[in-house]
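Once you know that position 83 of the sequence shown is 83 in the numbering used here, the rest is easy, because the numbers rise by one and skip nothing. Glycine is no exception: its CB is placed at the ideal position from the N, C-alpha and C atoms. Note that the structure is predicted; figures quoted are calculated from it, not measured.
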Amino acid sequence: MATHSTQFKISTQLSRALESGDLVICTGPALATAAGLPGIEALAAQILGEARRQGWTLPPGLDAAIAAGRGDEVLTELMRELGQSFGDQVERVLSDRGRSVPDLARAIASLRTQLRAVLTTTPDRLIERAFEGRWPTFSTPRADLAQRSGIIFNVFGTLEFRNSWVLTHRQRLREFGDGALRRGVLETVYYARRLLLLAFDLEDPALRRFLGVLPKPADDQAPQHFIAAEHCSPAQRRWLASHGFTVVEADALALLQGLGATTTAVTSQGAKGCPYPGLEAFVEASAATFFGRHGEISQAASRLGGTRTSCHWLAVEGPSGVGKSSFVHAGIVPALHDGFAPTAPTRWTIARMRPGARPLRSLAEALTSSLGSGDEPTTETAANRLLDPLISELAARPTKLAELVEQHSSPGGGFLLVIDQLEEAVTFADPRESEALSLALAHALSTQAIYLVTTLRSDYVALVQARLPTLAELLNEGAERYALPPISRVGLREAITEPAARVGVHIEPALVERIIADADYRSESVDGEEGVRTGQGTLPLVANILRVLWEAGGAEDRVLTLEQYVRAGGVSGALSRTADAALAGLAPHQLAAAKSLFLGLVRIEGGGETRCSLELPEALTLAGGGPEAEDLLAHLSGQTSNVRLLTVRQEGELTFVDLVHEALLQGWAQLRGWIDHHRRQLLLENALDLSAQRWDEDGRKNASLPAGDALVELLHARPHGPRRRLHQTFQQTLERQQRVGERQATRRRMAWFAGLSLFSLVSIATALGFRAQLDELGRVNAELVAKDSELETKDSELETKYSELETKDSELETKDKQLDTTSSELVQTSEKLRIVNQLLSTTTSFSLASLAALDPAELDRVRRQLDDHLGFALARLDEEPTNAAQQRAVRKLLASLAAVEISAKNTTRAQEYLDQVRALLESDDVGPGQRLQELANLELLAGELAAADNDKAGALEHYRAALEHLEEIGTQALSDEYLPLLKQLEHATASMRPSKVVKTLQPSAIGCRCPTETMISLNSDTRVRPPRNVPAGSGKHPIGWQSHGKTLKDQ
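And the structure:
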């Protein structure tokens, strides 16, 4: 690194401005030219030359205007003449892709903790790259920018957003005219802060243009500002002073180093594998390699915060495949940690979820994961026992979410709930749980207990509004809605080059432009006010080809080349090759199963294709079922191969299968062909889903059923997805309706035929005068009419029966749902019974040694659980007042609560529990042996309580009493809990070892003989033998005296 002399005097006012956090640095064009980028005049000259080479006829005098320093006026003419081509050339010429960040930019970034803000006057992103995304960037003026700190403001716009450009003379007049917001931001900064201009050449017209948009100070109204210049004439000094600037005659980098700056990067990035995720979405852990969206991240994140409810919900909307999940997880969430939301916290507790089929369960899992739930469940059953009570509370009380967050909140911290793919709440989920989720979110937002960030497909906004009206009202009137566009072409350049540059890998400029051109061609880029936007699925396709090139050896060569790209097949070809490679080794029947599975993961709606989730059992059925289907799924999901086309994700007790990315739907030729060939069937399945939903929402009335050809077609559709059972019920109803229609058609044909026959025969009979035959025909016709009437009656009865069956079916579904709820309640009750039964099978309370290892929060959780179980046991005791087992359970729970309070040092409360146990022992019907065992345990707890009060003498008295009870037990009925009681007593006396205690605890004090002559150590000087009522050699050892088939002697 070059060193610079610091033999100059740093102004005291400049040092104080930095120390007080009042200094704003403004960078000029020399920073860009140091990186090899042109200034305004050089830019105008390059575009003018290119236009002439392309044969454009341009006005005369443009060269002279550039030479006179009026490059902005020339750009005005070129923009008018070239149209769209002008913007394309500006993007190409001013792109800083692959260029090294100048030391001056890094030095500015090193002062970020002391600076107020940074202003840039060129549209490149060199300063943003030096800050490595740590500060939000704004190119469009906002009223609050001048008051904010820790931001970068692009005074003349940024390359990424064309509508922010202030390059031409006309744009400058518009953006900095009287009353213009951009001018207002500069004026506020000028009067309220201290500016330090760096990288401005005093002879450059750019300085004149910049000072021309600043206010001129009147007298001493403005604070003193500074500009760094190595050489300055007296005339230049007077001119700058007239604008309020004092010259610091020093090199800009040397000046910053004198203020304490360094030129090292803000963070160091080492080569830690491929920085491109391929088809996978970016996650928070990959935020360091998520590029191309910094401007949008700054805009969106800055909307959170404040006191209004609306500032607590950021709703990110956009088309399928645009990158909403990556934008939130790798962009918004890290930005919030870095303080991009000005009035929001920077310390966050973050819960992440997707609604899935069970939104409340997903929410409960997210909450327990982020807020903590104590012991981690080791089995699915244990997880259900942990989550089910919370799910029930969330369903019953919309206030539960806010209450839970507030209980765990800390001063200065915030709780952020991230809900990805909110549309699943209306397309995939249980409607009751979705409604409960919306009520909980609405209450939590209204009380400002949470911050909420959601992603939502723009084509599902109307459906969310229709089916979740509570949430829709907040979305329309309260949420900060951010429409995420596809990544810009400028952003795509950065997303291509910057991750590789961070790990020292070079990408050929020709390759960058080829990738962008190919991506534009295949995804139909759109020109908009903010610039050329790529197609909505472009980024994953580009990330995939770059990953392919990386893994093919580009990383080892430290360069990615155009030649490698062509060999790999380009953007689309690489994706098809990658996906085809996963199918290459499959047998024909496996390939057919894979085809069935992939088609099952596709849904056609609104004329386009989108991916949908499948529950694991349905996915395995589509894949052929059995172990072979499991192997196929493992292969396609990358578990047993190097290619991942599917993802398998766990959601509570359910497992779902998805396509790894929407890009496969358009970019993989094989899947594209399958979809086109089976489009009619896919459309039919979608129609079945929509028709069944409409029928269900309309109360399952026959009038809501389709008829004719539509009915017949829907019978051939495949029931699928989370509403498979509804689809099946709907098709069964269609079949009944079809049979009814066929019978009615048959009757109509019979009636028509009978009438026609009668008419014909009457005519003949009349003509021939056969009156008798006519009477006979009349009788036959009457019989036909009667038969038809009878059929109609039967048909009416059948319809009534079908209607009853439908009602029964609906009742069964309701019962099913009730059974689900009852099952959940039974799980909770079963858990309580298990604990109570466990208590019934023991005599001692909770181990004091184990309780001593718990922290206060864990103790509190144990206390709450015991209180809950005590209430349950008391309720059972009310039902059976004389039940000895229930009485024992209540005493056991009270003793356990006493142990908890002793460990928590709540001696008064502990004494109350012990007194209640003593009273119950006196009143309850307890056998003599049982009473002695419980009294021994009670005395042990009382000793612990005395020890907790530092009453050692009292503690010893209680321990002696416990030993006396244990001695008596030797002649009473033997208990399985005898040994644990002795072990607890050993723990209690471990810290009290005077000789009198040891003497008290001699074997003679217990009076027990061990049948195997094996003795148990109570402490270092004490031996206790088993009870003497077990005959020698009988082998009848109580539980606890044997372990895994070994005697204590063996152990």
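The beta carbons of G61 and E41 sit no closer together than 8 Å. With a contact defined as Cβ atoms closer than 8 Å, P359 and L439 miss out at about 11 Å.
Per DSSP, reduced to three states, the secondary structure at T399 is coil, with no helix or strand assignment. Within the stretch 450-491, the complete alpha helix (DSSP H) segments of 4 residues or longer fall at 461-467 and 469-477, listed in chain order. Distance from the CA of G339 to the CA of T113, rounded to the nearest whole angstrom, comes to 12 Å.
For Q650, the three-state secondary structure derived from DSSP is strand. Annotated as proximal: R182 and P141, with beta-carbon spacing under 8 Å. The secondary-structure analysis by DSSP pairs F340 with nothing; it has no beta-bridge partner. Shortest Cα-Cα distance from V283 to any of V648, K324 and A241 involves K324.
Non-local C-beta neighbours of L43 in its own chain, meaning closer than 8 Å and more than five positions away in sequence, comprise G71, L75, V90, V93, L94 and L167, ordered along the chain.
The beta carbon of V213 lies closer than 6 Å to those of F176 in the same chain, with the five residues before and after it left out. Comparing alpha carbon positions, the residue from R502, R603, A574 and G638 closest to I675 is R603. Residue environment for A495: buried (at least 16 other C-beta atoms within 10 angstroms of its C-beta). DSSP, read as helix, strand or coil, puts F131 in helix.
Residues of the same chain with a CB within less than 8 Å of the CB of V890, apart from the 5 flanking positions on each side, are L870, A873, L874, L877 and L920 in chain order. About 6 Å separates the Cβ atoms of V316 and L484, confirming a contact at the 8 Å cut-off. In the DSSP assignment, V24 is bridged to A117 and L195. Where L314 is concerned, the enclosing beta strand (DSSP E) starts and stops at W313 to G318.
Sequence-distant Cβ neighbours of L417 in its own chain, meaning closer than 6 Å and more than five residues away, are A351, I450 and L452. Of L935, E556, E605 and I515, the smallest CA-CA separation from G570 is found for I515.
Taking a contact to require three or more Cβ pairs closer than 8 Å, the stretch 227-235 and the stretch 46-60 do not qualify as touching.
Linking K701 to P719 through their CA atoms gives a straight-line distance of about 20 Å. Around the beta carbon of H965, a 10 Å sphere encloses 16 or more other beta carbons of the protein chains shown; the residue is thus reported as buried. Collapsing the DSSP output to three states places R863 in a helix. Judged by their CB atoms, S326 and A366 are not nearer to each other than the 8 Å cut-off. L336 and A288 have their alpha carbons spaced roughly 14 Å apart. In this structure, DSSP gives R603 an extended state, which the three-state scheme calls strand. Between L654 and A687, the CB-CB gap reaches or exceeds 8 Å.
In the same chain as A30, and ignoring 5 residues on each side of it, the C-beta atoms closer than 7 Å to its own belong to A199, F200 and D201, in chain order. At least 8 Å separates the beta-carbon of P319 from that of F428.
The residue from C26, A961 and D88 with its alpha-carbon nearest to that of R489 is D88.
Classified as buried, K892 has 16 or more neighbouring CB atoms from the shown chains inside 10 Å of its CB. Look at I419 here: in three-state DSSP terms it is strand.
Bounds of the alpha helix (DSSP H) holding I66 are L62 to A67. Here S446 is exposed. Its C-beta has fewer than 16 other C-beta atoms within 10 Å. A distance below 6 Å between beta-carbons, with the five flanking residues on each side excluded, links T264 to no residue of its chain.
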